[in-house]
Amino acid sequence: MYPVDNLNLSIDRVYHRIMEDLRADRRISDVSTDLLSLTDNVQRVFYVYDLLRKYKIIPLILKEDKCEFSSGYYRNLGNEMYQRTDLFSAWQYYNLALMYAPLTSTTYSLAVSNRSAVLAAMKEYEACIEDINMVFTLRYPPTIRDKLLKRLKQCEEGIKERESPNLDEENALADEVLTLKAQDRHEKYLDASSKLKVVYNSEMGRHVVATEDIEVGEVIVQEDPYVRVLLKTQCTICCAHCFSRKFNLYPCPYCCVTMYCSRTCVTEAWDQYHSFECPLIASLLKGNFTKLELLALRTTIRARTEHETWGQVFSVIAAASKNTNHEKLGCKKEGDKWVYSSKYYPSIHTLSTNIEKRDVSDIFQKAVSAAILMHYLAVANFVKTDDLILRERIKSFTADSLMRHLMTAPTNMHGITTNVENEDGNYVDEYNIGCGAYGFLSLLNHSCAPNVVRYTKLGTAQTSLIAIRPIGKGMQVLDNYGAHHAVHTKEERQAILKSQYKFTCVCEACMDDWPLYQGLEVLKILPDSIISKRDEFLNGNVVEALQKADKDRALKLYQPLCELATALEPYMPCKEAAECQEALKQCLAILSGVVTHGFSNFIQWELPCPRITPSVSSRFYTGQGAQYLA
Numbered sequence: 001m002y003p004v005d006n007l008n009l010s011i012d013r014v015y016h017r018i019m020e021d022l023r024a025d026r027r028i029s030d031v032s033t034d035l036l037s038l039t040d041n042v043q044r045v046f047y048v049y050d051l052l053r054k055y056k057i058i059p060l061i062l063k064e065d066k067c068e069f070s071s072g073y074y075r076n077l078g079n080e081m082y083q084r085t086d087l088f089s090a091w092q093y094y095n096l097a098l099m100y101a102p103l104t105s106t107t108y109s110l111a112v113s114n115r116s117a118v119l120a121a122m123k124e125y126e127a128c129i130e131d132i133n134m135v136f137t138l139r140y141p142p143t144i145r146d147k148l149l150k151r152l153k154q155c156e157e158g159i160k161e162r163e164s165p166n167l168d169e170e171n172a173l174a175d176e177v178l179t180l181k182a183q184d185r186h187e188k189y190l191d192a193s194s195k196l197k198v199v200y201n202s203e204m205g206r207h208v209v210a211t212e213d214i215e216v217g218e219v220i221v222q223e224d225p226y227v228r229v230l231l232k233t234q235c236t237i238c239c240a241h242c243f244s245r246k247f248n249l250y251p252c253p254y255c256c257v258t259m260y261c262s263r264t265c266v267t268e269a270w271d272q273y274h275s276f277e278c279p280l281i282a283s284l285l286k287g288n289f290t291k292l293e294l295l296a297l298r299t300t301i302r303a304r305t306e307h308e309t310w311g312q313v314f315s316v317i318a319a320a321s322k323n324t325n326h327e328k329l330g331c332k333k334e335g336d337k338w339v340y341s342s343k344y345y346p347s348i349h350t351l352s353t354n355i356e357k358r359d360v361s362d363i364f365q366k367a368v369s370a371a372i373l374m375h376y377l378a379v380a381n382f383v384k385t386d387d388l389i390l391r392e393r394i395k396s397f398t399a400d401s402l403m404r405h406l407m408t409a410p411t412n413m414h415g416i417t418t419n420v421e422n423e424d425g426n427y428v429d430e431y432n433i434g435c436g437a438y439g440f441l442s443l444l445n446h447s448c449a450p451n452v453v454r455y456t457k458l459g460t461a462q463t464s465l466i467a468i469r470p471i472g473k474g475m476q477v478l479d480n481y482g483a484h485h486a487v488h489t490k491e492e493r494q495a496i497l498k499s500q501y502k503f504t505c506v507c508e509a510c511m512d513d514w515p516l517y518q519g520l521e522v523l524k525i526l527p528d529s530i531i532s533k534r535d536e537f538l539n540g541n542v543v544e545a546l547q548k549a550d551k552d553r554a555l556k557l558y559q560p561l562c563e564l565a566t567a568l569e570p571y572m573p574c575k576e577a578a579e580c581q582e583a584l585k586q587c588l589a590i591l592s593g594v595v596t597h598g599f600s601n602f603i604q605w606e607l608p609c610p611r612i613t614p615s616v617s618s619r620f621y622t623g624q625g626a627q628y629l630a
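This is the structure:
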């Protein structure tokens, strides 16, 4: 048994503790030498795991149970927010009250009932009615029945009186802008356009090139991730599985952290990963594991649950590892053809780890995270089996997979974001929702002057890749990794890319030393046709409308801006082209969905819940499942 104090060990503290102990024992040099001598991930992870066990730096796993007192605590906070008319915060606190409420308790029905009051105040009448109808199926105090019936009637009247704008056509047009049509999809690369192909060379590795000319505004990839992870800040706002922002969220029956929008999402999440994460999720959040660490964990679990048996897992990995032919790398055989898709694990398993470019400090830190996550999975019986030979193979898979995806995640996984309204009413700030593992999007190389941009449809994790510059046949499709010539100097960009992505950029903006946005030239000589379009589509009124997220205006401006971007391409780099690209990106952000100011603020909450009465000590799992790692 590890010390009870280990209940409060964050993953960062684990790393610092082991470094302190090794330094005190003067073992840093020896451990570094040992680690560099090891030849595979399994050896590295188990070597570090043995060190953590020796120094007793294994965190205890918090067992956070459903609790009426905790539910009442958050419901009271919701009541306070409701009285202050901070409705979005009140809604979130009532969601927390739901997470903690035992399913058959009165506190559960009270949380739903109180949430319905918030929804009525928000004029979300249909959602309010759904909550009220839910309460009537539960065990609820008779004293609230009349109040609920009155609220129900008010909602029904509100729906009749409300003038509902017809958004169906507008939403359909927005979806069309972001959709890769089925007939345009590649036969092999299922998430990509038929105008693309993946090629390989020793200098650039795998990368994507155009097989036909691609126009500005074309959708060339539309991809759902293999797995996705919701940020803790969004746990009270979004469905933990599909990222839907539905108002009627309902909790996992067992843990106190996740909420879902439907029974379908509950079932899919449980079958794909949550059955193992459920007993661990409180500790994972309390331990401040990063989103990339959580993504590595979920990828490892999903690789198992995607297949019926462990034997199938091992066969798929063996085939993926054997396929060094770059034509088939990451592909899975479906019938008589090979396909590459984020639906299948090989596309994620074969992403580059850059292990040969990593220093020993980075390898050690990732091995610490992998070892702790492996221990957590063992406690959740991920490696449990009576077959000793199979158990050894499962242990090896778990260690390798966690370490592998901790290395691939920082350079291959993608954030899921949207634009959010600031206090001035402008939708220009970025709002982080989660991250995902995208097999095809991860194949794109970087440019500091990219020719594509990614947007994720709000309420989903589905990401579209759209051309923002013309891409000629044979040209490479180039994404941006966060270092853009308009906002970073060449020296800053090179430092960012070398540090995180381990390469020196040789894109056109770096080779020709393109200036920052402020230093871009305003063209004095342009054809009259371009000048007239520039004046019409890049004037102050247009910029203001887009900053205010005017969806109708965005739909009308989108195609003319695509045409203007095409016309300005020969003059790159220039201020007009940069402003046109920004206007295009603002249109795409609006059409993907944005978050209004009142619905962006998230509440702060901690694990375990700060219960007020009665005083209950935190409990933890004994970790008996970890015996299978011995």
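Residues 1 to 630 (UniProt numbering) make up the sequence shown, in order. Just so you know, even glycine gets a beta-carbon here, dropped at the ideal spot from N, CA and C. Computed from a predicted structure; not experimentally measured.
(request) Using 6 Å as the cut-off, classify the Cβ of N480 as near or not near the heavy atoms of the ligand COA, replying yes or no. (result) Annotation note on the ligand COA: not contained in the displayed structure, which lists no ligands.
(message) Among A467, E544, A192, L444, whose alpha-carbon lies nearest the alpha-carbon of L501?
(response) Residue 501 is actually Tyr in this sequence, not Leu. Ranking A467, E544, A192, L444 by Cα distance to Y501 puts L444 first.
(message) I need the DSSP call for L520, collapsed to helix, strand or coil.
(response) coil
(message) One question on the structure: do residue 699 and L98 come within less than 7 Å of each other, judged by their Cβ atoms?
(response) In this structure the chain extends from 1 to 630, so residue 699 is not present and cannot be described.
(message) Tell me the residue span of the beta strand (DSSP E) that contains L414.
(response) The identity of residue 414 in the sequence shown is His, whereas the question assumes Leu. From DSSP, the beta strand (DSSP E) with H414 extends over 414-421.
(request) Buried or exposed for Y200, please, with buried defined as at least 16 other CB atoms from any protein chain shown within 10 angstroms of its CB. (result) Classification of Y200: exposed, given that the 10 Å Cβ count is below 16.
(request) Report yes if the CB atom of G459 is closer than 7 Å to the CB atom of R228, and no otherwise. (result) no
(request) Confirm, please, whether the CB-CB distance from C261 to S244 is below 7 Å. (result) yes
(request) Would you tell me roughly how many angstroms separate the C-alpha atoms of R53 and I18, rounded to the nearest one? (result) Those two C-alpha atoms are separated by around 10 Å.
(message) Just to check my reading of the structure: E187 and K473 have Cβ atoms closer than 8 Å, yes? What is that Cβ distance to the nearest angstrom?
(response) 19 Å between Cβ atoms; not a contact.
(message) To the nearest angstrom, how far is the alpha carbon of A303 from that of R26?
(response) 39 Å
(message) Which residue wins for smallest C-alpha separation from H484, given the options C265, A172, R493, G540?
(response) Ranking C265, A172, R493, G540 by Cα distance to H484 puts R493 first.
(request) Kindly indicate the opening and closing residues of the alpha helix (DSSP H) around N79. (result) 68-83
(request) With a cut-off of 8 Å on the beta carbons, I'd call K457 and G593 a contact; round off their distance for me. (result) 6 Å
(request) Give the DSSP-derived three-state secondary structure of T613 in the structure shown. (result) Any answer about T613 is weak, because its pLDDT of 43 lies below 50 and its placement is not dependable; what the coordinates show is given next. Coil at T613, not helix or strand.
(message) For a quick check, are the C-beta atoms of T300 and S401 less than 7 Å apart?
(response) yes
(request) Rank L51, N248, L9, K160 by C-alpha distance to the C-alpha of V112 and give the top, closest one. (result) Of L51, N248, L9, K160, the residue nearest in Cα terms is N248.
(request) Check whether the Cβ atoms of T107 and S71 sit closer than 7 Å, and answer yes or no. (result) yes
(request) For the alpha helix (DSSP H) holding W91, just list the boundary residues, first then last. (result) 87-100
(request) Would you mind listing the alpha helix (DSSP H) stretches within the stretch 434-469 that are 4+ residues and don't spill past its ends, in chain order? (result) none
(message) In this structure, how does DSSP classify W338 when only helix, strand and coil are distinguished?
(response) strand
(request) Might you give, ordered along the chain, the residues of its own chain that have their beta carbon closer than 6 Å to the beta carbon of K246, omitting 5 neighbours on each side? (result) C261
(message) So, does the stretch 266-275 touch the stretch 78-86, judging by three or more C-beta pairs under 8 Å?
(response) no
(request) Give the straight-line distance between the Cα atoms of Q377 and C238, rounded to the nearest whole angstrom. (result) Rather than Gln, the amino acid found at residue 377 in this sequence is Leu. So the alpha carbons of these two residues sit roughly 25 Å apart.
(message) Going by DSSP, what residue range makes up the alpha helix (DSSP H) through L9?
(response) No alpha helix (DSSP H) contains L9, which DSSP labels as neither H nor E.
(message) So for K366, helix, strand or coil by DSSP?
(response) It is helical.
(request) Could you tell me which uninterrupted alpha helix (DSSP H) segments, each at least 4 residues in length, are contained entirely in the stretch 258-289, listed from first to last along the chain? (result) 263-269, 281-286
(message) Assuming M114 is part of the alpha helix (DSSP H), what are its boundary residues?
(response) The sequence as given places Asn at residue 114; Met does not occur at that position. Note, N114: alpha helix (DSSP H), 106-121.
(request) Identify which residue in A437, D429, I214 has its Cα closest to the Cα of K291. (result) A437
(request) Assign R228 to one of three DSSP states: helix, strand, or coil. (result) strand
(message) Which residue marks the beginning of the beta strand (DSSP E) containing Y628, and which one marks its end?
(response) Taken as a continuous stretch (DSSP letters only), Y628 belongs to no beta strand (DSSP E), as it is neither H nor E.
(request) Helix, strand or coil for R206, going by three-state DSSP, please let me know. (result) strand
(message) I need the boundaries of the alpha helix (DSSP H) containing Q559, first residue and last residue.
(response) 551-568
(message) Measuring only the C-alpha atoms, how far is I612 from D86?
(response) Annotation note: pLDDT 49 at I612 (below 50); position unreliable, coordinate value reported separately. For I612 and D86, the distance between alpha carbons rounds to 23 Å.
(request) Name the residue from V14, V313, M374, G415 whose alpha carbon lies nearest to the alpha carbon of Y344. (result) V313
(message) Buried or exposed for S315, going by 16 or more other Cβ atoms inside 10 Å?
(response) exposed
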